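Novice: By the count of the numbering used here, the sequence shown reaches residue 238 at its end, each step adding exactly one.
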Amino acid sequence: MNIGVFDSGIGGLTVLEELIRELPHCNFFFYGDNKNNPYGDKSDEELIRITSGVVDELNKKGCRMIVIACGTATTRCMDRLQELYPDNIFIGTVPAVKTACEKDFRNIMVMATTATITSAKLREIIDENIREGQNIYPVACPGLADAIEANDEKAIGRILNRIRRDYRDKNIDAIVLGCTHYPFIKDEIQKKFPKAVLMDSARGVARAVSRQLRENGLMVDEKEKGTLEVTFTRKKAA
Ligand code: DGL
Numbered sequence: 001m002n003i004g005v006f007d008s009g010i011g012g013l014t015v016l017e018e019l020i021r022e023l024p025h026c027n028f029f030f031y032g033d034n035k036n037n038p039y040g041d042k043s044d045e046e047l048i049r050i051t052s053g054v055v056d057e058l059n060k061k062g063c064r065m066i067v068i069a070c071g072t073a074t075t076r077c078m079d080r081l082q083e084l085y086p087d088n089i090f091i092g093t094v095p096a097v098k099t100a101c102e103k104d105f106r107n108i109m110v111m112a113t114t115a116t117i118t119s120a121k122l123r124e125i126i127d128e129n130i131r132e133g134q135n136i137y138p139v140a141c142p143g144l145a146d147a148i149e150a151n152d153e154k155a156i157g158r159i160l161n162r163i164r165r166d167y168r169d170k171n172i173d174a175i176v177l178g179c180t181h182y183p184f185i186k187d188e189i190q191k192k193f194p195k196a197v198l199m200d201s202a203r204g205v206a207r208a209v210s211r212q213l214r215e216n217g218l219m220v221d222e223k224e225k226g227t228l229e230v231t232f233t234r235k236k237a238a
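What follows is the structure, given as structure tokens:
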């Protein structure tokens, strides 16, 4: 079974790691679309054009199932992609708001790109899951995925300091990492909010993929050993 996995860059690797752990017998094709990053400040039209190009590439590799290992592309264009490519099975990465709400945290911060934070999809997920007495604080983090991609520690520190300053008084007890780049800086985020439990979506996505494979009769021989092919696109030199 060939499974395509894509993101605007390295963030998707945090999801891929869990996928390989859960499904070591599958063949994964990872596509890191650095040429077009960041996704988080693009319009829906641009995102659909860009991600359609990625889906075309993954289809050339025979990937019927495609994991959108990106919060931005999931919340902004997964439904449209499914309409455009009805023969593909898409699994997205939505911020783990449902899990945070179910665990009865009181003050939940959701960190994500501007595109995810302002999406109707996130609003819908919050409205569906929020319980009485819970507060959910959606926090846009422009530049953070870029800074992680560039391993720019100063910029990461600056952005996190701003967030800590703005939310210091809110007694945050859970932080949902709504962008797949953010698990790479879990330790830094934890230092700024030592009492908060950090939650990402990778494990849930891996389980959802496994479930879908079984439901669609696509699960391959579990004794086989899977393969991995990784592609990163690059921006043209200026
Ligand atoms: N990793 C992505 C996400 O989960 C996108 C980051 C970006 O390119 O802005 O939202």
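All C-beta atoms in this analysis are idealised placements derived from N, C-alpha and C, irrespective of residue type, glycine included. What you are looking at is a predicted structure, and each value in this text was computed from that prediction instead of being measured.
Using the Cβ count rule (16 or more neighbours within 10 Å means buried), how would you classify aspartate 7?
Specialist: Sequence index remark: in the sequence shown, residue 7 carries index 7 (1-based). The residue is buried, with at least 16 neighbouring Cβ atoms inside 10 Å.
Novice: So which of Asn2, Ile175, Glu128 and Thr180 has the shortest CA-CA distance to valine 110?
Specialist: Taking the first residue of the sequence shown as position 1, residue 110 is located at position 110. For valine 110, the nearest C-alpha among the options comes from Ile175.
Novice: Which residue spans inside the segment 155-203 form an unbroken beta strand (DSSP E) run of at least 3?
Specialist: The qualifying runs are 174-177 and 197-199.
Novice: I'd like to know whether the C-beta atoms of cysteine 179 and threonine 113 end up nearer to each other than 9 Å.
Specialist: Counting from 1 along the sequence shown, the entry for residue 179 is found at position 179. Counting from 1 along the sequence shown, the entry for residue 113 is found at position 113. Yes. Within cutoff.
Novice: Per DSSP, what kind of secondary structure is leucine 23 in: helix, strand or coil?
Specialist: Residue 23 sits at position 23 when you count from the first residue of the sequence shown. Residue state, collapsed to three classes: coil.
Novice: Could you check whether threonine 233 and asparagine 2 sit closer than 9 Å to each other, using their CB atoms as the reference points?
Specialist: Here the question's residue 2 lines up with position 2 in the sequence shown. Here the question's residue 233 lines up with position 233 in the sequence shown. No; because the gap between Cβ atoms is not below 9 Å, this pair is not in contact.
Novice: Between proline 38 and the ligand DGL, is the CB less than 8 Å from at least one heavy atom?
Specialist: Sequence index remark: in the sequence shown, residue 38 carries index 38 (1-based). Yes, Cβ of proline 38 sits closer than 8 Å to a heavy atom of the ligand DGL.
Novice: Using the three-state DSSP reduction, which class does methionine 78 fall into: helix, strand or coil?
Specialist: Locating residue 78 in the sequence shown gives position 78, counting from the first residue. Correct three-state label for methionine 78: helix.
Novice: In the DSSP assignment, what are the bridge partners of glutamate 229?
Specialist: Within the sequence shown, residue 229 is the residue found at index 229, counting from 1. In DSSP, glutamate 229 forms a bridge with Phe29.
Novice: Any idea if glutamate 18 is buried or exposed, counting beta-carbon neighbours within 10 angstroms, 16 or more meaning buried?
Specialist: Walking along the sequence shown from the start, residue 18 turns up at place 18. That one is buried.
Novice: Could you give the distance in angstroms between the alpha-carbon of aspartate 166 and the alpha-carbon of leucine 160?
Specialist: Indexing the sequence shown from 1 puts residue 166 at position 166. Indexing the sequence shown from 1 puts residue 160 at position 160. For aspartate 166 and leucine 160, the distance between alpha carbons rounds to 10 Å.
Novice: Going by alpha carbons, who is nearest to glycine 133 out of Ser119, Glu149, Phe105 and Arg164?
Specialist: Here the question's residue 133 lines up with position 133 in the sequence shown. Cα-wise, what sits closest to glycine 133 is Phe105.
Novice: Quick one: any contact between the segment 127-141 and the segment 63-79, if contact means 3 or more CB pairs under 8 Å?
Specialist: The segment 127-141 makes no contact with the segment 63-79: fewer than 3 CB pairs, one atom from each, lie closer than 8 Å.
Novice: Counting pairs of Cβ atoms below 8 Å between the segment 145-160 and the segment 80-97, do you hit three or more?
Specialist: no
Novice: I'd like the span of the alpha helix (DSSP H) that includes asparagine 59, first residue to last.
Specialist: In the sequence shown, the residue the question calls residue 59 occupies position 59. Counting along the chain, the alpha helix (DSSP H) containing asparagine 59 begins and ends at 44-60.
Novice: Please state the DSSP three-state secondary structure of glutamine 112.
Specialist: On the sequence shown, position 112 is the one that residue 112 refers to. Here the sequence assigns alanine to residue 112, which means glutamine is not the residue at that position. In the structure shown, alanine 112 sits in a strand (DSSP, three-state: E or B).
Novice: Regarding cysteine 77 and the ligand DGL, is the C-beta to nearest heavy atom distance less than 8 Å?
Specialist: Along the sequence shown, one-based indexing puts residue 77 at 77. No, since every heavy atom of the ligand DGL falls outside the 8 Å radius drawn around the Cβ of cysteine 77.
Novice: Residues in its own chain within less than 6 Å of lysine 223 by CB, not counting five upstream and five downstream?
Specialist: In the sequence shown, the residue the question calls residue 223 occupies position 223. Hits under 6 Å: none found.
Novice: Between arginine 12 and the ligand DGL, is the CB less than 8 Å from at least one heavy atom?
Specialist: For the purposes of this step, residue 12 is taken as the residue at position 12 of the sequence shown. Strictly speaking, residue 12 in this sequence is glycine, with arginine absent from that position. Yes - the ligand DGL has a heavy atom lying nearer than 8 Å to the Cβ of glycine 12.
Novice: How should serine 43 be labelled, buried or exposed, when 16 other C-beta atoms within 10 angstroms of its C-beta is the threshold for buried?
Specialist: Residue numbering aside, residue 43 sits at position 43 when the sequence shown is read from its first letter. Using a 10 angstroms sphere on the CB of serine 43, the tally of other CB atoms stays under 16, which defines it as exposed.
Novice: Use the C-beta contact count for arginine 21: other C-beta atoms within 10 angstroms, 16 or more gives buried, fewer gives exposed.
Specialist: As a working mapping, residue 21 is identified with position 21 in the sequence shown. Exposed.
Novice: For the candidate residues Val230, Met219, Glu229 and Ala237, whose alpha-carbon lies nearest to that of histidine 25?
Specialist: Here residue 25 is taken as the residue at index 25 of the sequence shown, counted from 1. Taking only the C-alpha atoms, the option nearest histidine 25 is Met219.
Novice: Is asparagine 36 helix, strand or coil by DSSP?
Specialist: Here residue 36 refers to the residue found at position 36 of the sequence shown. Three-state result, asparagine 36: helix.
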